[in-house]
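Working notes for the structure below.
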Amino acid sequence: MQYQEICENTIEVVREAASYIRGKHEDRSNLNIEVKGQHNFVTEVDKEAERILVEGLSKVVPEAGFIAEEGTSTKKGDVYNWVIDPVDGTTNFIHGVYPFAISVGLIEHNEVIAGVVYEFGLDEYFYAWKDGGAWLNGNPIKVSTVTGLENGLIATGFPYTNFTYLSQYMESVEYFMKNSHGLRRLGSAATDIAYVACGRYEGFYEYGLNPWDIAAGILLVKEAGGRVSDFEGDNSPLFSENLICSNGNSYDEFLKVIRKIMLSK
Ligand code: 2AM
Ligand code: CA
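If you count the sequence shown from 1, you need to add 3 to reach my numbering.
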């Protein structure tokens, strides 16, 4: 497998889907919005964008299967699978606010080997391939070098449908309000994670995540020199449904805080 070539070909397929989504975003007045679950929406744009991605990516690695949010393909690969979110941040897309993003990762067994996050608001392509570093629009990116969460900006996603851990989560919000530069919640997990990779945020955490929200981001952060795990510290968090990621300098402190607050009671 030529990981770099796969990554470059993936970007071309993402460009096609992005061009379709951009056109639809300019004329959102007639969107056909369906409710998928509590506070969870899907539009015909998500579905058509996913169809474009599945069709294009099938040519990039023909033997690969798909784990795609809208279920366009149920093909499962023995070794390789694409993990796809055609629109991450659909609620933002519907309301006409940024960011929202396309997120595409390729996994070999359970390891992400190529990833692309394209964020529409700032027209930014974040991408990485295994052992090839992380990149933003052609330039290498690195996580920040800030030490200490109190000197950092932290991103998160609010629970929107799974409120099981809401009291612990609210405690974590209070903690970061008091012990960091601030807390941000932009509404697209893939974008948040890409922003950790390029050093804009020192850390990101959320529970109730799906693999397609985080697959590409996991590789971006690793290749940019940062660390990723679930709330327990397991560093293969793709299917864990919760994630922390941060720059290398702040990770140990971040994990300690999240573990203490989120896994209490
Ligand atoms: P989606 O737009 O692809 O569904 C984590 O917060 C992820 O949950 C988001 O990236 C978003 O991805 C999804 N999500 C779905 N509904 C949401 C909502 N009402 N608020 C926040 N995130 C939501
Ligand atoms: Ca989505």
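Glycine included, each C-beta is placed from N, C-alpha and C at the ideal position.
Through-space distance from residue j to residue i, alpha-carbon basis
| i | j | result |
| --- | --- | --- |
| phenylalanine 257 | lysine 263 | 10 Å |
| threonine 148 | isoleucine 157 | 14 Å |
| methionine 30 | valine 146 | Correcting the residue type first, residue 30 is aspartate in the shown sequence and not methionine. Cα to Cα, the separation comes out at about 36 Å. |
| proline 89 | leucine 139 | 19 Å |
| isoleucine 14 | valine 119 | 7 Å |
| isoleucine 97 | tyrosine 23 | 15 Å |
| aspartate 91 | proline 102 | 9 Å |
| glutamate 19 | asparagine 165 | 33 Å |
| serine 253 | serine 32 | 44 Å |
| cysteine 248 | alanine 192 | 11 Å |
| serine 285 | valine 107 | Coverage of the chain is limited to positions 4 through 268, which leaves residue 285 absent and any answer about it impossible. |
| aspartate 195 | glycine 141 | 20 Å |
Sequence-distant residues of its chain with Cβ nearer than 6 Å to residue i (five each side left out)
| i | result |
| --- | --- |
| valine 45 | Glu37, Lys39 |
| asparagine 154 | none |
| phenylalanine 207 | Ala158, Asp195, Ile196, Val199, Cys248 |
For residue i, the nearest candidate out of the options (CA to CA)
| i | options | result |
| --- | --- | --- |
| tyrosine 121 | Asp255, Ile105, Lys27 | Ile105 |
| lysine 50 | Gln41, His42, His28, Glu73 | Glu73 |
| glutamate 244 | Asp255, Ser232, Lys62 | Ser232 |
| lysine 268 | Cys248, Glu205, Gln171, Ile247 | Gln171 |
| valine 48 | Leu241, Asn182, Gly26, Val57 | Gly26 |
| isoleucine 110 | Leu266, Leu246, Lys181, Ile217 | Ile217 |
Those residues which DSSP pairs with residue i across a bridge
| i | result |
| --- | --- |
| asparagine 84 | Gly68, Ile110 |
| isoleucine 97 | Beta-bridge pairing links isoleucine 97 to no other residue. |
| serine 249 | Gly206, Arg230 |
| leucine 156 | Gly185 |
Legend entry - Segment contact, 8 Å Cβ cut-off, at least three pairs: the stretch 63 to 72 with the stretch 187 to 202: no
Inset, instruction - Take every Cβ of the stretch 129 to 145, pair it with every Cβ of the stretch 224 to 232, and state whether three or more of those distances are shorter than 8 Å. - result: yes
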